[in-house]
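Notes follow the structure.
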Amino acid sequence: MVGRKTGETQRLVRAIVVLIRDTTWKCGKLERSIVRYLNMRTKGLGKPQMAVSDIIHKLELTGKKKNEFLDALRRLERRKIVRILSVRI
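The sequence shown begins at 761 in the working numbering and counts up one residue at a time.
Structure (structure tokens):
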């Protein structure tokens, strides 16, 4: 497995995640929790988007769990369940 650059990870942490589909078929436990959290925000008359850093803070992820979370986000994007929008500062 090829290691990621720090800049790429930091860019992902500053990004915004948008829920496209509410499906968790063939997803793992972490992917399901991400989709469930974004879906709950949408059902509560909120926006279907949220900053990645806010999700990390809300799910209380640190260290290795944070890296697993970022990998899960990439898998969800590859399956076209969420879209990751980069934010330019």
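Quick reminder that beta carbons are idealized off the backbone N, C-alpha and C, glycines included.
_To test your reading of the DSSP string, which unbroken beta strand (DSSP E) runs of 3 or more residues are found completely within the segment 795-843?_
809-811
*Does DSSP put valine 847 in a helix, a strand or coil?*
coil
_With 16 other Cβ atoms within 10 Å as the buried cut-off, status of leucine 845_ = exposed
*Taking valine 777 as the reference, give the member of Pro808, Thr802 and Arg839 with the closest Cα.*
Pro808
_By the DSSP assignment, the beta strand (DSSP E) with isoleucine 853 in it spans what residues?_
Because the chain spans 761 through 849 in this model, residue 853 falls outside it and cannot be assessed.
_Taking only three categories from DSSP, how would you classify lysine 786?_
coil
_Quick check: the segment 770-785 against the segment 818-825, are at least 3 beta-carbon pairs closer than 8 Å?_
no
*Out of curiosity, what's the CA-to-CA distance linking threonine 783 and glutamate 791?*
10 Å
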